[in-house]
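Report on the structure given below.
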Amino acid sequence: ITHNTIGVVQALTVLPLIWACTTSLAKAARLGRDVLSQSSYRLLNMGLAAASMWSAYAVLYAPLLTAAVVRGTSNPVSYPPLLRVAASLVHACFAVLCVGSY
3 ITHNTIGVVQ ALTVLPLIWA CTTSLAKAAR LGRDVLSQSS YRLLNMGLAA ASMWSAYAVL
63 YAPLLTAAVV RGTSNPVSYP PLLRVAASLV HACFAVLCVG SY
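In case it helps, the working numbering puts the sequence shown at residues 3 to 104.
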């Protein structure tokens with residue numbers, strides 16, 4: 003396993019959490035705004051907002067987060083510019099949506 007592979011996998015570790023929270027909140031939203039205002043769903047919204055902001059940060063600053071000297075070389079993870087912008091915007095907008103739903 004290369005250093006880059008580990009860096010990319012690390013960036014993806016939060017995705018199952020985001021998926022599970024989103025699914026739970028979507029099911030609650032179908033039951034109405036009163037259900038979403040319960041404390042457990044409000045906490046899920048805040049947790050999802052935090053995970054989304056971390057994901058946006060991790061995509062934008064992947065080279066900083068993954069820069070390490072491994073066996074004498076430094077080969078940080080970097081995403082193509084369009085992917086960096088698109089992914090970070092999606093995550094940031096999702097975080098804003100979650101905070102707005104709080």
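Idealized CB from N, CA, C, for every residue including glycine.
Here the structure is a predicted model, which means the values were calculated and not measured.
Straight-line measurement puts the Cα of residue 77 at about 30 Å from the Cα of residue 51.
By the criterion of at least three beta-carbon pairs nearer than 8 Å, the segment 77-92 is not in contact with the segment 33-51. Per DSSP, reduced to three states, the secondary structure at residue 98 is helical. Using a 10 angstroms sphere on the CB of residue 23, the tally of other CB atoms reaches 16 or more, which defines it as buried.
Here residue 63 carries a coil assignment [DSSP, helix/strand/coil]. In the displayed model, residue 10 falls within a helix according to three-state DSSP. In the three-state reduction of the DSSP assignment, residue 50 falls in the helix class.
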